[in-house]
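Notes to accompany the following structure.
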Amino acid sequence: MSTSILISGAGGFVGQELTASLLNTTAADTTLTITDVTSAPQIPASARQHYSRVTSIQADLTVHSAVDSLINPSSRYDVVYILHGIMSSGSEANFDLGMSVNLFATQYILDRLRKTIPGVKVVFASSLAVYGPTASGFVITERNMPQLPTSSYGTQKMIVELLVNDYSRRGFLDGRAVRLPTVTVRAGAPTQAASSFASGILREPLNGIKSVLPVKKETELWICSPYTVVKNLMHAKDVPKEAFKDSRSVNLPGIKVSVQEMLDVLEKVGGKEKRALVEERYDEDIDRIVQGWSPNFDIAWAKTLGFHEDMSLLESVRMYANELSDLHDPLSSQRKIEVDKKETRSKKQVNSMKYSQQDTSRDFKPPHMVLGKRLLLLETVRLTFSFRMYECCQSVVVFRLGPTLCSLEAVLPCQGIPLTLICIVVSVHRYKSSQARYPHDLIEMKMSLHMPHDRSDSSPYIMRIEFTPSQSSKNLRTSTCNTKVQSDGDLVAKRHGQA
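Given below as structure tokens:
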């Protein structure tokens with residue numbers, strides 16, 4: 001029997017990791033509907049071969065009509081993951097927004113589910129912020145500590161937990177509220193969470209970027225690696241409802257570490273030069289929120305329910321560092337290309353394809369980070385390409401810009417054509433050919449073009465690709481575009497930046 005899963009907040013880091021894990025580990029007839037507020041979430045690179053099992057939707061869940069469209073009598077979801085939310089600092093800075101997204105929108109989703117899909121399994125991502133501060137050394141269990149949050153974020157999470165418990169008691173839903181520790185190391189851009197520094201003081205230095213530490217080094221945190229968090233989110237849907245007894249809330253496993261221990265691990269993995277990139281700059285507002293979180297939890301109940309214990313901080317940071325090194329490993333990159341070719345050989349994907357470069361323009365944007373690629377953006381260069389196609393196509397596209405390329409920023413359909421375009425960065429690595437004066441970074445992207453099946457005319461589809469080099473525009477003043485269609489249906493395009 002096929003399974004259908006809905007994930008809200010799927011564009012975030014945890015949502016993307018969960019999406020990939022579900023696609024890679026569930027049965028071939030399991031389908032996912034993923035949604036986020038700013039745009040339809042991308043399919044994670046590690047699960048791009050499963051794109052046909054995913055429906056990606058942009059939806060503002062604070063708008064009732066958007067929720068009604070997403071959850072209706074024809075929506076037969078078996079499992080619903082509620083991951084969306086405004087983080088702790090964001091909720092504290094904007095009370096109305098936090099209430100609207102974290103509480104009111106979630107309550108409406110729960111009500112919509114109980115009316116249209118009664119008994120559906122719901123996994124709500126809660127937080128240990130539902131607890132207030134404790135006496136030094138006090139160890140929290142699910143039953144020995146009242147929920148007295150000291151932040152709006154924690155209060156909103158606590159209220160939804162109570163709703164999940166009551167709706168489950170009444171048989172409206174089969175809910176489970178899992179309280180996530182601080183996820184570290186979280187890849188991608190910094191978030192609005194007060195705990196964002198817990199990843200930032202490791203992630204940014206390992207990427208060669210300065211980071212700010214806003215709390216004291218003796219501050220202790222309850223953290224968990226993203227790998228374990230995702231495993232436990234997946235396990236949450238499989239716990240029998242009878243196992244929860246009279247409460248659907250559980251504190252997920254983690255480990256207690258001090259900020260000083262985190263800095264020591266950073267130096268052990270990255271060296272003294274990486275450790276030197278962390279600047280201590282105390283922030284009273286962030287510290288006040290963080291000091292309201294206990295670092296001491298008893299995970300006996302979670303283990304009884306089958307949830308997984310976490311790895312050590314050193315293991316977690318080493319795994320993250322190894323992922324970064326893979327981005328710069330040409331052999332690893334070449335293996336990915338070979339896998340992509342094998343995937344496409346078995347499918348007749350393109351009846352006709354015509355390529356032409358339409359225009360080149362240049363925009364400038366302030367520096368920022370891009371989710372997933374962990375690299376600084378400084379300048380955006382846009383190219384528009386035209387394709388004449390009749391069926392869905394998956395292509396490997398390699399862009400070469402030099403001497404230092406940073407990251408893909410966006411892929412956008414244009415001209416109002418009903419075309420869904422998904423572009424996923426597979427890898428980034430350093431490359432220097434015998435002919436090049438300077439080394440280049442290569443970005444490899446897996447592209448999926450989804451077109452209407454009833455389309456009969458042959459007018460070209462237009463897509464826009466945006467990618468960002470870190471060098472100034474003078475390094476791109478001359479360029480060439482070459483393309484070829486290989487026998488297996490892959491489209492390989494190269495754009496060469498010349499100094």
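So the sequence shown is numbered by UniProt numbering: it starts at 1 and just counts up by one. Where is the CB? At the ideal position from N, CA and C, for every residue including glycine.
Could you say which of the options lies nearest to residue i if we only look at CA atoms?
i, options, result
"Arg-48", "Gly-154, Pro-73, Ala-20", "Ala-20"
"Phe-138", "Leu-305, Trp-293, Gly-306", "Trp-293"
"Phe-297", "Asn-144, Tyr-81, Leu-266", "Asn-144"
"Pro-73", "Lys-115, Phe-307, Gly-175", "Lys-115"
"Ala-300", "Thr-141, Thr-106, Pro-41", "Thr-141"
"Tyr-282", "Ser-312, Leu-324, Leu-213", "Leu-213"
"Gly-34", "Ala-27, Tyr-51, Glu-309, Val-278", "As written in the sequence, residue 34 is Ile, which differs from the Gly given in the question. Ranking Ala-27, Tyr-51, Glu-309, Val-278 by Cα distance to Ile-34 puts Tyr-51 first."
"Ala-243", "Thr-304, Ser-195, Ser-196", "Thr-304"
"Val-183", "Val-257, Val-269, Pro-226, Leu-324", "Pro-226"
"Ser-69", "Gln-58, Asp-78, Leu-314", "Gln-58"
"Ser-89", "Val-37, Phe-197, Glu-279", "Phe-197"
"Pro-181", "Leu-263, Gly-175, Phe-104, Ala-193", "Ala-193"
"Arg-186", "Leu-23, His-308, Ala-321", "Ala-321"
"Ala-135", "Gln-291, Ser-312, Val-317", "Gln-291"
"Leu-259", "Leu-313, Ser-151, Gln-107", "Reading off the sequence shown, one finds Val at residue 259, where the question assumed Leu. Checking every option, the nearest Cα to that of Val-259 belongs to Leu-313."
"Asn-251", "Glu-161, Glu-279, Pro-240", "Glu-161"
"Leu-206", "Ala-177, Ser-91, Leu-263", "Leu-263"
"residue 507", "Lys-210, Cys-224, Ile-289", "No information on residue 507 is available, as it lies outside the stretch 1 to 499 that the chain covers here."
"Asn-24", "Lys-268, Ser-46, Phe-104", "Ser-46"
"Lys-121", "Cys-224, Gly-98, Asn-165", "Asn-165"
"Leu-97", "Asp-238, Leu-110, Thr-62, Leu-113", "Thr-62"
"Gly-119", "Gln-42, Phe-172, Lys-241, Ile-223", "Phe-172"
"Glu-284", "Val-215, Glu-323, Leu-110", "Val-215"
"Gly-306", "Asp-238, Glu-323, Gln-42, Ser-199", "Asp-238"
Rounded to a whole number of angstroms, what is the C-alpha to C-alpha distance between residue i and residue j?
i, j, result
"Arg-248", "Gly-208", "42 angstroms"
"Pro-44", "Glu-17", "7 angstroms"
"Thr-219", "Pro-295", "9 angstroms"
"Thr-191", "Ser-8", "17 angstroms"
"Leu-148", "Asp-29", "43 angstroms"
"Pro-253", "Leu-266", "22 angstroms"
"Gly-188", "Phe-13", "7 angstroms"
"Ile-82", "Ile-201", "28 angstroms"
"Arg-179", "Tyr-131", "10 angstroms"
"Glu-409", "Ser-39", "Note on Glu-409: pLDDT 30, under 50, position unreliable in the model; no value is reported."
"Val-67", "Thr-26", "26 angstroms"
"Asn-94", "Ile-86", "9 angstroms"
"Ser-4", "Arg-169", "24 angstroms"
"Glu-315", "Gly-270", "13 angstroms"
"Gly-11", "Lys-245", "33 angstroms"
"Leu-6", "Val-80", "5 angstroms"
"Met-1", "Gly-15", "25 angstroms"
"Lys-217", "Ser-195", "14 angstroms"
"His-235", "Val-317", "23 angstroms"
"Ile-337", "Arg-203", "Because Ile-337 carries a pLDDT of 40, less than 50, the predicted location of this residue cannot be relied on, and the following value inherits that uncertainty. C-alpha separation (whole angstroms): 27 angstroms."
"Thr-31", "Val-37", "20 angstroms"
"Val-101", "Leu-277", "35 angstroms"
"His-308", "Ser-126", "17 angstroms"
"Lys-272", "Tyr-153", "36 angstroms"
"Ser-91", "Met-99", "8 angstroms"
"Asp-287", "Leu-221", "12 angstroms"
"Arg-112", "His-64", "9 angstroms"
"Ser-223", "Met-311", "Here residue 223 turns out to be Ile, not Ser, going by the sequence shown. Taking the straight line from one Cα to the other gives about 10 angstroms."
"Val-257", "Val-54", "38 angstroms"
Just reading off the beta strand (DSSP E) that residue i is part of, what are its end residues?
i, result
"Asn-251", "249-251"
"Ser-258", "255-258"
"Asp-36", "31-36"
"Glu-142", "From DSSP, Glu-142 is part of no beta strand (DSSP E); its letter is neither H nor E."
"Leu-233", "Leu-233 -> not in any beta strand (DSSP E); alpha helix (DSSP H) instead, spanning 226-236."
"Leu-148", "Here Leu-148 belongs to no beta strand (DSSP E), and DSSP marks it neither H nor E."
Span of the alpha helix (DSSP H) holding residue i?
i, result
"Lys-241", "Where Lys-241 is concerned, there is no enclosing alpha helix (DSSP H), given that its DSSP letter is neither H nor E."
"Arg-275", "272-275"
"Val-164", "152-169"
"Ser-21", "13-25"
"Glu-309", "Looking at the DSSP string, Glu-309 is not in any alpha helix (DSSP H), and its letter there is neither H nor E."
"Thr-55", "Segment 54-58 is the beta strand (DSSP E) holding Thr-55; no alpha helix (DSSP H) there."
"Gln-301", "For the record, residue 301 in the displayed sequence is Trp; it is not Gln. Start and end: 300-304."
"Leu-61", "Per DSSP, Leu-61 belongs to no alpha helix (DSSP H) and is neither H nor E."
"Val-278", "First-last for Val-278: 278-280, but that is the beta strand (DSSP E), not the alpha helix (DSSP H)."
"Ile-286", "284-291"
Report task. Please determine if the stretch 59-76 and the stretch 215-234 are in contact, where contact requires at least 3 C-beta pairs separated by less than 8 angstroms. Result -> Taking 8 angstroms as the limit for Cβ pairs, the verdict is that the stretch 215-234 does not touch the stretch 59-76.
Query raised in the report: Is the stretch 153-166 in contact with the stretch 111-130, if contact means three or more CB pairs nearer than 8 angstroms?
Result: Taking a cut-off of 8 angstroms for Cβ pairs, the stretch 153-166 and the stretch 111-130 touch, as three or more such pairs fall below it.
Requested in this report: Entirely within the stretch 172-212 and at least 4 residues each: give me those alpha helix (DSSP H) ranges in chain order.
Outcome: Counting whole runs of 4 or more residues, the stretch 172-212 contains the alpha helix (DSSP H) stretches 197-206.
Requested in this report: Would you list, in sequence order, the uninterrupted alpha helix (DSSP H) runs of no fewer than 4 residues that lie entirely inside the stretch 70-132?
Outcome: Counting only unbroken stretches of 4 or more residues, the alpha helix (DSSP H) elements lying wholly within the stretch 70-132 are 88-93, 95-98, 105-116, in sequence order.
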